[in-house]
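There are 6 protein chains.
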Amino acid sequence: MALSDQTRGKLAAVSTATLCTALFKRGLRNQFIQNVRPLGVKGGNMVGPAFTLRYIPAREDLNPLSVFLDRAHPQRKAVEECPPGAVFVVDSRKDARAASAGSILVSRLMMRGVAGIVTDGGFRDSPEIAQLAIPAYHQRPSAPTNLTAHQAIEINGPIGCGDAPVFPGDIMVGDGEGVVVIPAHLADEIAEEATEMTAFEDFVTEKVLEGRSILGLYPPTDEQSQTDFAAWRRQNGR
Amino acid sequence: MALSDQTRGKLAAVSTATLCTALFKRGLRNQFIQNVRPLGVKGGNMVGPAFTLRYIPAREDLNPLSVFLDRAHPQRKAVEECPPGAVFVVDSRKDARAASAGSILVSRLMMRGVAGIVTDGGFRDSPEIAQLAIPAYHQRPSAPTNLTAHQAIEINGPIGCGDAPVFPGDIMVGDGEGVVVIPAHLADEIAEEATEMTAFEDFVTEKVLEGRSILGLYPPTDEQSQTDFAAWRRQNGR
Amino acid sequence: MALSDQTRGKLAAVSTATLCTALFKRGLRNQFIQNVRPLGVKGGNMVGPAFTLRYIPAREDLNPLSVFLDRAHPQRKAVEECPPGAVFVVDSRKDARAASAGSILVSRLMMRGVAGIVTDGGFRDSPEIAQLAIPAYHQRPSAPTNLTAHQAIEINGPIGCGDAPVFPGDIMVGDGEGVVVIPAHLADEIAEEATEMTAFEDFVTEKVLEGRSILGLYPPTDEQSQTDFAAWRRQNGR
Amino acid sequence: MALSDQTRGKLAAVSTATLCTALFKRGLRNQFIQNVRPLGVKGGNMVGPAFTLRYIPAREDLNPLSVFLDRAHPQRKAVEECPPGAVFVVDSRKDARAASAGSILVSRLMMRGVAGIVTDGGFRDSPEIAQLAIPAYHQRPSAPTNLTAHQAIEINGPIGCGDAPVFPGDIMVGDGEGVVVIPAHLADEIAEEATEMTAFEDFVTEKVLEGRSILGLYPPTDEQSQTDFAAWRRQNGR
Amino acid sequence: MALSDQTRGKLAAVSTATLCTALFKRGLRNQFIQNVRPLGVKGGNMVGPAFTLRYIPAREDLNPLSVFLDRAHPQRKAVEECPPGAVFVVDSRKDARAASAGSILVSRLMMRGVAGIVTDGGFRDSPEIAQLAIPAYHQRPSAPTNLTAHQAIEINGPIGCGDAPVFPGDIMVGDGEGVVVIPAHLADEIAEEATEMTAFEDFVTEKVLEGRSILGLYPPTDEQSQTDFAAWRRQNGR
Amino acid sequence: MALSDQTRGKLAAVSTATLCTALFKRGLRNQFIQNVRPLGVKGGNMVGPAFTLRYIPAREDLNPLSVFLDRAHPQRKAVEECPPGAVFVVDSRKDARAASAGSILVSRLMMRGVAGIVTDGGFRDSPEIAQLAIPAYHQRPSAPTNLTAHQAIEINGPIGCGDAPVFPGDIMVGDGEGVVVIPAHLADEIAEEATEMTAFEDFVTEKVLEGRSILGLYPPTDEQSQTDFAAWRRQNGR
């Protein structure tokens with residue numbers, strides 16, 4: 001189920017908050033990745049299908065630095081295989097005591113056209129990553145090499161990330177607030193619905209900033225609110 | 001016990017750190033709201049009497065989105081009833097897995113002249129709230145709608161917020177560091193005392209930045225320090 | 001074992017991430033101070049030997065404000081005794097419910113030429129400290145006076161800080177990411193090795209940003225990578 | 001909505017696990033009180049409608065020992081007012097650093113015919129409480145008097161307890177595992193359904209202990225399983 | 001690499017503490033499963049190769065109760081496929097808010113000859129499991145059905161459990177203290193070494209209980225200690 | 001300030017809960033060691049002056065198993081030096097990921113006449129320690145050798161233990177609930193006061209179990225309660 005350009009475009013223009021509400025309406029309450037934040041301010045939303053990497057706790061004898069001499073090491077392999085336009089999502093078991101990745105790998109993802117990277121652990125070289133033109137989300141900075149605590153074990157399987165379930169191909173959307181996981185089969189309808197909701201929220205925000213009460217407006221239980229919104233849509237072409 | 005303009009003015013010009021020390025002198029050790037931070041940089045202090053809202057864990061059958069169709073829903077009602085000049089304080093049980101409020105409600109509070117908002121949970125639309133001209137404090141951003149985890153249950157009763165007790169009418173003061181709760185009956189004397197302490201701390205800071213040792217100066221156990229401070233006050237009109 | 005200017009200079013030019021990897025190679029996995037972050041952006045690295053202060057939980061009868069009337073109070077004494085060029089490291093038992101120090105003490109450390117300050121608790125007056133020209137690292141802002149939760153008990157003994165062991169004289173290095181502890185006897189060789197690693201990482205970063213794959217390059221298992229790096233070093237004089 | 005003897009009887013004979021599944025079927029996922037355990041082994045289930053007490057963080061000036069001289073102090077008042085047959089449920093904000101209650105109050109509840117007591121904090125005199133003939137559930141033992149951290153503020157309002165919502169009158173059921181909260185209006189049907197489920201689970205357990213596979217048996221997707229269960233019911237009169 | 005009867009026998013007679021020390025000697029510091037404890041007291045050690053099950057956070061639409069109608073559901077399938085003599089190890093992401101399994105599944109494992117079960121989450125029906133003749137280890141009791149928080153996603157892959165890495169076939173040993181994970185290839189030598197260490201520790205314990213100092217005895221730096229141990233071994237046939 | 005036999009005797013006959021209340025009256029709110037519990041049931045109270053050992057995080061190169069070949073290693077030295085009748089208190093920074101001590105050292109302490117042992121971390125060989133005739137308190141069992149996470153660094157200095165301050169010579173009292181720290185200079189008066197309080201609490205308990213209300217009785221604001229208590233004391237010789 002490919003992510004259409006149309007849906008990608010819609011998801012680039014709505015907030016994770018609005019998407020969470022659309023998911024909530026469908027009974028999905030745990031799709032927001034808990035306790036991750038963006039590194040740097042990078043303009044638009046991060047949007048793309050999930051490509052996952054899973055870590056387990058590192059066993060010392062299996063994780064000397066020399067493991068990276070192996071081109072097939074899952075962490076490095078995953079970085080080279082993640083499709084352009086996808087979001088690289090790492091299950092670090094919410095453990096930020098060692099890094100999930102550093103600036104060189106994130107730079108490589110950026111150069112390969114990857115849409116963003118998320119970990120529920122931490123990045124090293126975080127000041128550099130904050131400057132790169134690729135959205136990146138983590139829990140907190142963490143300088144120790146990932147081998148200190150993490151062994152990359154599986155590429156593109158289902159994972160947990162920040163207490164949210166992530167299946168490969170689920171649509172990840174990130175903004176200045178955080179990251180939400182949209183089940184792949186719902187992406188189109190959620191994108192459409194969130195676009196509609198955003199129009200209404202923008203209308204409400206405008207009215208509230210003009211001084212109107214939220215009662216009867218948000219939600220629009222007053223008929224006047226609905227009339228006004230219809231007029232606003234015509235006026236603003238939305 | 002109304003908050004006088006004079007006390008409000010004094011509290012606008014002192015730090016939460018100084019206020020905590022004044023409270024400590026009176027045996028009050030837990031009046032700083034733990035683990036909340038300001039969204040955005042907004043100039044002066046937040047000052048105002050507490051108006052509270054309490055959440056309990058949300059039971060799913062009582063918290064569909066349709067509850068907001070009810071104009072009497074406590075969250076919406078509280079937003080419309082919070083007095084201008086007051087600080088809206090939310091007991092979210094330190095749970096930031098879902099939002100305590102979003103930008104539309106915070107905008108409405110701002111338009112109504114409310115002095116600020118504090119939650120020990122998280123806000124959604126946090127990038128927008130960071131831009132609004134109303135002080136706001138939370139634990140971390142949280143996109144899920146509050147119904148996911150919180151049910152608004154009581155308006156303006158005594159609550160806990162970030163491990164601090166908050167009674168309606170207590171005076172809330174927030175700066176770039178966080179938020180402190182001053183028991184209502186102590187507000188005037190604490191404001192006065194903190195103003196005096198601030199003069200002394202400003203004097204000390206000036207001297208320290210000139211190279212003086214803190215020994216004998218902070219606290220001013222050397223008589224010279226007291227003489228110098230007296231002179232400094234005359235010179236600076238404080 | 002004094003910190004030579006040469007080693008200090010090298011450590012000023014490498015990242016904590018690189019240093020952690022050099023330490024990892026020697027079997028040292030817990031030298032990164034967990035969960036502290038810099039206040040403000042202050043340019044170069046913090047580098048210096050550790051001078052420590054240890055807190056234990058405050059017993060109320062031993063910690064009234066009047067303790068500071070004693071010039072020999074360990075917190076104040078430590079601030080005046082910390083050698084210029086050293087880093088002041090505070091064991092606050094990871095407890096940020098009260099402050100480890102405030103802006104006046106940090107200003108004094110700055111004026112005395114101290115290289116930086118680190119606590120695994122929190123600072124008060126954190127907005128002011130963020131503006132001072134001395135690197136400072138903590139967990140989160142905390143307005144309550146340190147006497148609320150901390151009693152200064154020992155100067156310059158071995159401590160824990162953010163789950164890392166710190167012995168007086170260990171070399172502390174801080175950057176935009178956090179702080180690492182280098183055992184004193186390893187400082188010279190780690191500084192040298194990290195300098196070499198940094199040259200290589202800069203080369204790799206350049207190549208990655210030109211579009212090269214990390215496979216065979218990082219680590220340089222392809223002979224071509226090694227040849228290219230040798231050329232790059234000659235060209236860049238590193 | 002009174003708790004009928006019939007429903008009380010049924011709830012005394014089923015497990016909290018089974019009740020949680022019955023609630024799950026109705027979309028209620030957070031009715032198990034997290035992280036509390038029984039003190040002592042006391043035979044049958046605890047069953048009764050919730051009578052609640054809410055604590056907020058204690059402000060020192062409002063909580064000297066002398067507050068108990070007031071007969072109207074909410075903690076003491078609640079203990080004397082809790083109806084026989086009810087379960088006394090305390091919202092301690094999951095804070096076990098000071099006690100929610102001690103053996104004297106729990107003894108009084110027992111003598112008054114109260115069905116049990118639950119706190120998401122801790123009890124003092126826990127070894128004594130473990131010996132009393134009244135079910136009691138807490139997080140962990142805690143010797144400090146409740147005034148150290150808790151101020152009793154409200155009797156019989158809606159609360160949170162261990163991340164579960166508790167409304168006065170909700171039916172509390174506790175067994176050797178923990179405590180579940182059944183919304184009052186569902187008590188009869190949940191009790192009935194859980195009784196049926198328990199019969200089936202007892203049948204399944206018997207068969208499993210005879211060596212049968214769970215496939216086709218649990219759930220009974222094999223027709224034979226359903227036939228066997230029908231026979232078992234007749235045979236066992238359930 | 002099968003677990004020989006001889007090694008199984010040795011591991012049944014040593015403690016997890018001794019095994020951890022033998023692993024520590026080989027540089028393996030994280031093989032003890034953190035924060036799990038045994039349900040009930042069941043005599044001898046649990047010993048067997050790991051057979052694993054991995055959970056991810058449950059997405060509501062994928063986890064209605066009806067999923068168990070599918071005989072191929074991974075949780076049920078795993079229970080029927082786990083080899084006799086193996087230990088069933090569950091990665092529950094240290095989340096005990098819902099159950100990892102209940103008494104019926106654990107009974108089935110017992111009947112199938114499985115050697116034990118471990119989860120870093122919690123069991124439901126924990127009082128019943130405590131009575132079953134199969135060792136079981138968890139974090140704490142948890143009545144909610146596993147579908148509330150967990151989706152079984154993978155059988156017998158590498159996992160994390162209580163911050164320890166577990167590869168299928170690793171040898172799990174549990175005693176009254178907890179559970180340790182021995183890498184498969186080290187099982188024979190660790191079992192042998194731990195048997196030797198246990199003989200020495202039993203000797204030391206005997207001497208200490210006779211009043212001897214630990215200095216020179218533990219470790220046996222006094223020649224006399226070594227002589228005495230040699231005599232003790234002859235005398236006790238160990 | 002030696003602990004008199006008389007005071008020791010009194011402290012053996014009162015509960016930690018009562019002692020916490022006596023300390024609370026003097027403004028001491030943090031003297032209960034948080035989150036430790038007794039291993040096994042061992043009859044009377046643990047009473048004795050504190051003898052302390054402090055751990056810092058272990059640096060790998062300083063903590064191979066061979067450190068125990070040194071008779072002067074602080075952990076072993078402390079075990080041999082702790083005075084008979086004292087309580088051995090360990091500051092493990094609340095970290096139970098590795099052991100604070102094991103059964104051999106605890107046996108040696110027992111044989112030397114030490115009154116008990118407390119750590120805010122965990123013990124290894126905990127099932128054996130539970131059987132020894134010496135009170136022992138910890139957070140949870142932990143099989144890994146202490147060198148995995150802890151380096152013994154200081155004998156008999158001031159420490160923190162479970163968030164409580166402990167000075168050498170402070171009087172430690174433990175019962176089935178936990179452990180409280182009495183400042184040395186208060187031991188006699190607290191012991192006396194707690195003895196009186198215990199008499200009253202025993203009287204109250206008796207009356208409550210006879211069916212009397214707590215109002216007017218606890219505290220004894222009814223004159224009748226005071227009369228009855230006086231009679232009870234005469235009758236019971238207390």
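Residue numbers (the working numbering), protein chains in the order written: chain A, 1 to 238; chain B, 1 to 238; chain C, 1 to 238; chain D, 1 to 238; chain E, 1 to 238; chain F, 1 to 238.
Heads up, the beta-carbon is just placed ideally off N, CA and C, and yes, glycines get one too.
Just so you know, these numbers come straight off a predicted model, no measurement behind them.
(message) Helix, strand or coil for residue 28 of chain C? Go by DSSP, reduced to three states.
(response) Stepping through the third sequence from its first residue, residue 28 of chain C is reached at position 28. Residue 28 of chain C: coil per DSSP, three-state reduction.
(request) Would you give the residue range spanned by the beta strand (DSSP E) that residue 99 of chain F belongs to? (result) Stepping through the sixth sequence from its first residue, residue 99 of chain F is reached at position 99. That run of the beta strand (DSSP E) goes 99-101.
(request) Would you kindly work out how many angstroms separate the C-alpha atoms of residue 68 of chain A and residue 104 of chain A, rounded to a whole number? (result) Residue 68 of chain A sits at position 68 when you count from the first residue of the first sequence. Residue 104 of chain A sits at position 104 when you count from the first residue of the first sequence. Going by the C-alpha atoms only, they are around 14 Å apart.
(message) Counting only Cβ pairs nearer than 8 Å, list the residues of chain F close to residue 35 of chain C.
(response) The residue given as residue 35 of chain C occupies position 35 in the third sequence. Near residue 35 of chain C there are no residues of chain F at all, since even the closest Cβ is about 14 Å away, more than 8 Å.
(request) Mind checking the region 170-202 of chain C against chain H and listing, in chain order, the residues whose C-beta falls within less than 8 Å of any C-beta there? (result) Reference to chain H is not applicable here, since the protein chains of this structure are A, B, C, D, E and F.
(request) Could you spell out where the alpha helix (DSSP H) holding residue 188 of chain F opens and where it closes? (result) In the sixth sequence, counting from the first residue as 1, residue 188 of chain F sits at position 188. It spans 187-209 - the alpha helix (DSSP H) in which residue 188 of chain F sits, taken as one unbroken run.
(request) State the beta-bridge partners of residue 172 of chain C as determined by DSSP. (result) Taking the first residue of the third sequence as 1, we reach residue 172 of chain C at position 172. In the DSSP output, where bridge partners are listed per residue, residue 172 of chain C has C:48 and C:181.
(request) Below 7 Å CB to CB, which residues in the same chain sit around residue 210 of chain D once its five sequence neighbours on both sides are set aside? (result) In the fourth sequence, the residue the question calls residue 210 of chain D occupies position 210. Excluding residues within five positions, none has a Cβ falling inside 7 Å.
(request) Check the Cβ of residue 153 of chain E against every Cβ in chain A and list those closer than 7 Å, keeping chain order. (result) Position 153 of the fifth sequence, counted from the start, is the residue given in the question as residue 153 of chain E. Under the 7 Å cutoff, chain A gives 158.
(message) Taking 8 Å as the cut-off, does the region 170-190 of chain F touch the region 75-83 of chain C (at least 3 CB pairs, one atom from each stretch)?
(response) no
(message) Can you pull out the residues from the region 12-39 of chain F whose beta carbon lies closer than 7 Å to at least one beta carbon of chain E?
(response) none
(request) Examine chain A for any beta-carbon lying closer than 8 Å to the beta-carbon of residue 43 of chain C, and answer yes or no. (result) Against the third sequence, residue 43 of chain C aligns to sequence position 43. No - not a single Cβ of chain A is within 8 Å of the one on residue 43 of chain C.
(request) Could you name the residues of the region 92-106 of chain D whose beta carbon sits closer than 8 Å to any beta carbon of chain E, in the order they occur along the chain? (result) none
(message) Per DSSP, what are the beta-bridge partners of residue 150 of chain D in this structure?
(response) Reading the fourth sequence from its first residue, position 150 is the one you call residue 150 of chain D. Answer is D:57.
(message) On the DSSP letters alone, give me the boundaries of the beta strand (DSSP E) that residue 116 of chain C sits inside.
(response) Here the question's residue 116 of chain C lines up with position 116 in the third sequence. Taken as a continuous stretch (DSSP letters only), the beta strand (DSSP E) holding residue 116 of chain C covers 116-119.
(message) For chain B, check one thing: does any of its Cβ atoms lie closer than 8 Å to the Cβ of residue 165 of chain D?
(response) Locating residue 165 of chain D in the fourth sequence gives position 165, counting from the first residue. For residue 165 of chain D, the answer is yes, since a Cβ of chain B falls inside 8 Å of its Cβ.
(request) Could you check the C-alpha separation between residue 18 of chain B and residue 197 of chain B for me, to the nearest Å? (result) Within the second sequence, residue 18 of chain B is the residue found at index 18, counting from 1. Within the second sequence, residue 197 of chain B is the residue found at index 197, counting from 1. Roughly 7 Å between the two C-alpha positions.
(message) Suppose the cutoff is 7 Å on Cβ atoms and the five residues either side in sequence are ignored; what does the same chain contact list for residue 95 of chain D look like?
(response) In the fourth sequence, the residue the question calls residue 95 of chain D occupies position 95. For residue 95 of chain D, where only same-chain residues beyond five positions count, the Cβ hits under 7 Å are 121 and 149.
(request) Could you name the residues of the same chain whose beta carbon sits closer than 8 Å to that of residue 89 of chain B, not counting the 5 residues immediately before and after it, in chain order? (result) Along the second sequence, read from residue 1 onward, the residue named residue 89 of chain B stands at position 89. Within the same chain, residue 89 of chain B has close Cβ partners 50, 51, 52, 53, 117, 118, 119, 159, 161, 166 and 172.
(request) Answer with buried or exposed for residue 44 of chain A, where buried requires no fewer than 16 other C-beta atoms within 10 angstroms of its C-beta. (result) Here the question's residue 44 of chain A lines up with position 44 in the first sequence. Classification of residue 44 of chain A: exposed, given that the 10 Å Cβ count is below 16.
(request) Over the uninterrupted beta strand (DSSP E) stretch that includes residue 167 of chain B, give me the two end residues. (result) Translated into the one-based positions of the second sequence, residue 167 of chain B becomes position 167. No beta strand (DSSP E) holds residue 167 of chain B; DSSP gives it neither H nor E.
(request) Pick helix, strand or coil for residue 243 of chain D, following the three-state DSSP scheme. (result) As shown, chain D starts at 1 and ends at 238. That puts residue 243 of chain D outside it, with no answer to give.
(request) Verify whether the separation of the beta carbon atoms of residue 74 of chain C and residue 174 of chain C is less than 8 Å. (result) Along the third sequence, one-based indexing puts residue 74 of chain C at 74. Along the third sequence, one-based indexing puts residue 174 of chain C at 174. Not a contact, by the Cβ cut-off of 8 Å.
(request) Report yes if the C-beta distance between residue 184 of chain F and residue 170 of chain F is below 8 Å; otherwise report no. (result) By one-based count along the sixth sequence, residue 184 of chain F stands at place 184. By one-based count along the sixth sequence, residue 170 of chain F stands at place 170. It is a contact, given that the beta carbons lie within the stated cut-off.
(request) Quick one: residues in its chain with C-beta nearer than 6 Å to the C-beta of residue 7 of chain B, no 5 flanking neighbours on either side, listed in chain order? (result) Here the question's residue 7 of chain B lines up with position 7 in the second sequence. Within the same chain, residue 7 of chain B has close Cβ partners 187, 188 and 191.
(request) Identify the contact partners of residue 125 of chain F in chain E, using a Cβ-Cβ distance below 8 Å as the criterion. (result) Along the sixth sequence, read from residue 1 onward, the residue named residue 125 of chain F stands at position 125. Going along chain E in sequence order, the residues near residue 125 of chain F (Cβ under 8 Å) are 15, 17 and 177.
(request) Measuring only between beta-carbons, confirm whether residue 108 of chain B sits less than 8 Å from chain A. (result) Looking up residue 108 of chain B in the second sequence gives position 108. Answer yes: the Cβ-Cβ gap between residue 108 of chain B and chain A drops below 8 Å somewhere.
(message) According to DSSP, residue 136 of chain D sits in a beta bridge with which residue or residues?
(response) Taking the fourth sequence and counting its residues from 1, the one referred to as residue 136 of chain D is at position 136. According to DSSP, which records beta bridges pairwise, residue 136 of chain D is partnered with D:117.
(request) Would you kindly work out how many angstroms separate the C-alpha atoms of residue 143 of chain E and residue 97 of chain C, rounded to a whole number? (result) For this step, residue 143 of chain E is matched to residue 143 along the fifth sequence. For this step, residue 97 of chain C is matched to residue 97 along the third sequence. C-alpha separation (whole angstroms): 34 Å.
(message) For a quick check, are the C-beta atoms of residue 35 of chain E and residue 140 of chain F less than 8 Å apart?
(response) By one-based count along the fifth sequence, residue 35 of chain E stands at place 35. By one-based count along the sixth sequence, residue 140 of chain F stands at place 140. Yes. Within cutoff.
(request) Locate the alpha helix (DSSP H) running through residue 129 of chain B, then write down its first and last residues. (result) Along the second sequence, read from residue 1 onward, the residue named residue 129 of chain B stands at position 129. Its alpha helix (DSSP H) spans residues 126-131.
(message) Let me confirm a value: residue 154 of chain F is counted as buried when at least 16 other C-beta atoms fall within 10 Å, else exposed. Which label applies?
(response) In the sixth sequence, counting from the first residue as 1, residue 154 of chain F sits at position 154. Result: buried.
(message) Given a cut-off of 8 Å on the beta-carbon distance, is the pair residue 234 of chain A and residue 199 of chain A in contact?
(response) What you label residue 234 of chain A is simply residue 234 of the first sequence in a count that begins at 1. What you label residue 199 of chain A is simply residue 199 of the first sequence in a count that begins at 1. Not in contact: residue 234 of chain A and residue 199 of chain A (Cβ atoms no closer than 8 Å).
(request) Just the chain E side, please: which residues come within less than 8 Å of residue 57 of chain A by C-beta, in chain order? (result) What you label residue 57 of chain A is simply residue 57 of the first sequence in a count that begins at 1. The contacting residues are 30, 160, 163, 164 and 165.
(message) On the criterion of 16 or more Cβ atoms from any shown chain inside 10 Å, does residue 66 of chain B qualify as buried, or is it exposed?
(response) Residue numbering aside, residue 66 of chain B sits at position 66 when the second sequence is read from its first letter. Looking at its Cβ environment, which holds fewer than 16 other Cβ atoms inside 10 Å, residue 66 of chain B is exposed.
(message) Using CA atoms only, rank isn't needed, just tell me which of F:91, F:204, F:156 and F:23 is closest to residue 83 of chain F.
(response) Reading the sixth sequence from its first residue, position 83 is the one you call residue 83 of chain F. Nearest neighbour of residue 83 of chain F by Cα position, chosen from F:91, F:204, F:156 and F:23, turns out to be F:156.
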